[in-house]
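Below is one structure, written out as structure tokens, with a few remarks after it.
There are 2 protein chains.
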Amino acid sequence: MSKVYLVRHGQTAWNVGEIFRGRADIPLDETGKQEVHLAGEALKDETLHAIYSSPLSRSIETAENIAKFHDIPVTPFDAIIDISYGEWEGLENQEVKEKHPELHSLWHREPHKIKFPGGESLEEVRIRTMTGLEGLLLQHKDENFVLVAHRVPNKVICCALLGLDNSHFWRIQQDTASTNLFIYRDGQWIIAFLNDTSYLKSLGKPSLSDF
Amino acid sequence: MSKVYLVRHGQTAWNVGEIFRGRADIPLDETGKQEVHLAGEALKDETLHAIYSSPLSRSIETAENIAKFHDIPVTPFDAIIDISYGEWEGLENQEVKEKHPELHSLWHREPHKIKFPGGESLEEVRIRTMTGLEGLLLQHKDENFVLVAHRVPNKVICCALLGLDNSHFWRIQQDTASTNLFIYRDGQWIIAFLNDTSYLKSLGKPSLSDF
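Going line by line, the protein sequences match chains Y and E.
For the first sequence, our numbering assigns the number 39 to the initial residue and increments by one for each residue that follows.
For the second sequence, our numbering assigns the number 39 to the initial residue and increments by one for each residue that follows.
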């Protein structure tokens with residue numbers, strides 16, 4: 039049996055401002071720093087054998103806040119880097135909505151059908167993240183590990199492990215600094231919990247924003 | 039927007055003993071009583087407009103522990119009663135495994151294909167619970183409500199709201215006294231969180247049992 043803890047990085051200014059992040063390396067803001075400390079604390083009693091993180095600093099800093107409670111290094115893992123939004127990166131959601139209304143609407147109605155201009159599709163994210171995860175499973179037989187990544191890779195991984203196609207992207211909530219637990223047992227995935235943010239209560243209620 | 043909190047009843051002696059419950063009206067045990075108090079406390083700051091419960095006492099007592107923090111009565115709701123296991127009710131899991139190895143194996147391999155002898159199928163549970171839930175949604179437009187039910191109805195409802203068929207039954211963990219939050223917005227379901235048991239930490243770790 040393997041336990042896979044899938045964590046989303048903490049809040050950044052671009053989450054609050056609804057600016058497409060993708061490969062842009064935006065650091066955690068002050069709230070994000072508090073969030074990831076609490077996320078790390080929530081996992082401190084778990085038995086962990088490895089911690090993998092997207093190479094972007096918002097994820098690495100999140101992963102380090104988990105690692106500080108364990109004697110384990112953070113391993114950067116390219117397979118779980120954020121989606122490439124291509125030309126949308128650095129643009130505000132509202133701006134994209136006004137300039138590219140059709141593509142923006144497609145993203146919200148049929149997320150599985152979009153390939154971001156100069157960037158990736160959800161299918162491409164799914165193939166690289168799941169290939170990466172399958173490799174880790176072989177490497178960590180009967181061990182537990184953490185993956186720290188981003189909203190898009192996390193939602194796509196959740197869909198894949200639940201048995202859903204990417205059209206269900208908007209159904210899966212992934213708050214900043216949230217944790218999911220997936221258990222791999224007898225060749226099957228069990229969803230132990232999804233989008234746990236209970237340890238963030240001292241910072242106020244989740245906004246239910248999906249950005 | 040409606041928030042639907044889906045709660046599983048607290049522990050009973052038949053959870054610990056792995057005895058098929060179904061329509062047998064087994065009360066909460068001492069641990070179960072502690073669990074449901076904590077579950078109620080965890081929901082005390084939520085805005086709730088109604089609380090529905092399976093008519094079986096283990097669910098009603100759970101629902102009353104949520105209601106005691108709000109000025110709302112508990113409404114018994116037949117549509118979310120536990121599955122009828124028919125002839126299996128009152129039998130130990132191990133006993134069923136020995137006496138009916140083929141049917142027991144089918145239940146674990148292809149849960150969507152079994153109809154319990156003298157009881158229900160998952161499809162029948164899905165039709166009655168989802169019909170019930172759809173009625174409540176119409177009745178509670180832009181209101182939030184709680185459903186307190188059982189492992190099987192909860193898993194089947196989770197599958198339905200995620201967009202999964204009943205073959206995924208074993209992938210969805212539902213611990214005793216756990217809570218799920220589903221948000222109904224613009225005609226679509228969003229899974230805010232699944233199988234939250236964070237408020238039960240003082241009682242020890244979840245066993246990862248699925249019975």
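All residues carry an ideal CB built from backbone N, CA and C; glycine is no exception.
Pull up the distance between the alpha-carbon of residue i and that of residue j, whole angstroms please.
i: threonine 214 of chain E; j: glycine 156 of chain Y; result: 47 angstroms
i: leucine 176 of chain Y; j: threonine 85 of chain Y; result: 18 angstroms
i: leucine 263 of chain Y; j: alanine 230 of chain E; result: The structure shown does not extend to residue 263 of chain Y, since chain Y is modelled only from 39 to 249, so the question has no answer here.
i: valine 45 of chain E; j: asparagine 192 of chain E; result: 8 angstroms
i: glutamate 158 of chain Y; j: aspartate 203 of chain Y; result: 17 angstroms
i: valine 184 of chain E; j: leucine 76 of chain E; result: 15 angstroms
i: valine 194 of chain Y; j: arginine 164 of chain Y; result: 6 angstroms
i: arginine 59 of chain Y; j: serine 97 of chain Y; result: 12 angstroms
i: alanine 101 of chain Y; j: alanine 187 of chain Y; result: 9 angstroms
i: aspartate 180 of chain Y; j: aspartate 224 of chain E; result: 42 angstroms
i: serine 143 of chain E; j: glutamate 79 of chain Y; result: 40 angstroms
i: histidine 87 of chain E; j: glutamine 212 of chain E; result: 24 angstroms
i: phenylalanine 249 of chain E; j: lysine 153 of chain Y; result: 43 angstroms
i: histidine 146 of chain Y; j: histidine 178 of chain Y; result: 36 angstroms
i: asparagine 103 of chain E; j: lysine 71 of chain E; result: 9 angstroms
i: isoleucine 221 of chain E; j: leucine 200 of chain E; result: 11 angstroms
i: histidine 47 of chain Y; j: threonine 169 of chain Y; result: 21 angstroms
i: leucine 141 of chain Y; j: lysine 137 of chain E; result: 58 angstroms
i: serine 95 of chain E; j: alanine 105 of chain E; result: 15 angstroms
i: arginine 247 of chain Y; j: valine 54 of chain Y; result: Checking the sequence shown, residue 247 of chain Y turns out to be serine, not arginine. Taking the straight line from one Cα to the other gives about 9 angstroms.
i: isoleucine 228 of chain Y; j: glycine 242 of chain Y; result: 30 angstroms
i: leucine 129 of chain Y; j: valine 190 of chain Y; result: 17 angstroms
i: arginine 209 of chain Y; j: histidine 150 of chain E; result: 23 angstroms
i: arginine 61 of chain E; j: tyrosine 123 of chain E; result: 8 angstroms
i: phenylalanine 115 of chain Y; j: tyrosine 43 of chain Y; result: 15 angstroms
i: proline 93 of chain Y; j: glutamate 161 of chain E; result: 45 angstroms
i: glutamate 125 of chain E; j: valine 134 of chain E; result: 10 angstroms
i: proline 139 of chain E; j: cysteine 196 of chain E; result: 28 angstroms
i: tryptophan 52 of chain Y; j: glutamate 172 of chain E; result: 37 angstroms
i: glutamate 148 of chain Y; j: histidine 108 of chain Y; result: 41 angstroms
i: asparagine 218 of chain E; j: asparagine 131 of chain Y; result: 30 angstroms
i: aspartate 120 of chain Y; j: isoleucine 121 of chain E; result: 42 angstroms
i: serine 205 of chain E; j: histidine 206 of chain Y; result: 18 angstroms
According to DSSP, simplified to helix, strand and coil, what is residue i?
i: tyrosine 237 of chain Y; result: helix
i: lysine 243 of chain Y; result: coil
i: serine 205 of chain Y; result: helix
i: proline 191 of chain Y; result: helix
i: glutamate 136 of chain E; result: helix
i: lysine 153 of chain Y; result: strand
i: threonine 50 of chain E; result: strand
i: threonine 167 of chain E; result: helix
i: isoleucine 130 of chain Y; result: In the sequence as displayed, the identity of residue 130 of chain Y is glutamate instead of isoleucine. It is a strand residue.
i: alanine 117 of chain E; result: helix
i: alanine 230 of chain Y; result: strand
The beta strand (DSSP E) spanning residue i covers which residue range?
i: arginine 223 of chain Y; result: 217-223
i: leucine 44 of chain E; result: 40-46
i: alanine 88 of chain Y; result: 88-91
Name the chain Y residues whose beta carbon is nearer than 9 angstroms to that of residue i?
i: arginine 209 of chain E; result: Leu199, Leu200, Gly201, Gln226, Trp227, Ile228 and Ile229
When the distance is taken between beta carbons, is residue j closer than 7 angstroms to residue i?
i: lysine 41 of chain Y; j: asparagine 182 of chain Y; result: yes
i: aspartate 63 of chain Y; j: threonine 50 of chain Y; result: no
i: alanine 198 of chain E; j: arginine 166 of chain E; result: no
i: asparagine 233 of chain E; j: serine 245 of chain E; result: no
i: serine 91 of chain Y; j: valine 74 of chain Y; result: no
i: glutamate 110 of chain E; j: isoleucine 89 of chain E; result: In the sequence as displayed, the identity of residue 110 of chain E is isoleucine instead of glutamate. In contact: isoleucine 110 of chain E and isoleucine 89 of chain E (Cβ atoms closer than 7 angstroms).
i: serine 236 of chain Y; j: serine 236 of chain E; result: yes
Between which two residues does the alpha helix (DSSP H) holding residue i run?
i: leucine 144 of chain E; result: 139-147
i: threonine 100 of chain Y; result: 95-105
i: alanine 80 of chain E; result: 68-80
Residue i versus chain E: which residues are under 7 angstroms apart at the beta carbon?
i: aspartate 234 of chain Y; result: Phe231, Asp234 and Ser236
Note down, in chain order, every chain Y residue with its Cβ under 8 angstroms from the Cβ of residue i.
i: histidine 206 of chain E; result: Leu200 and Gly201
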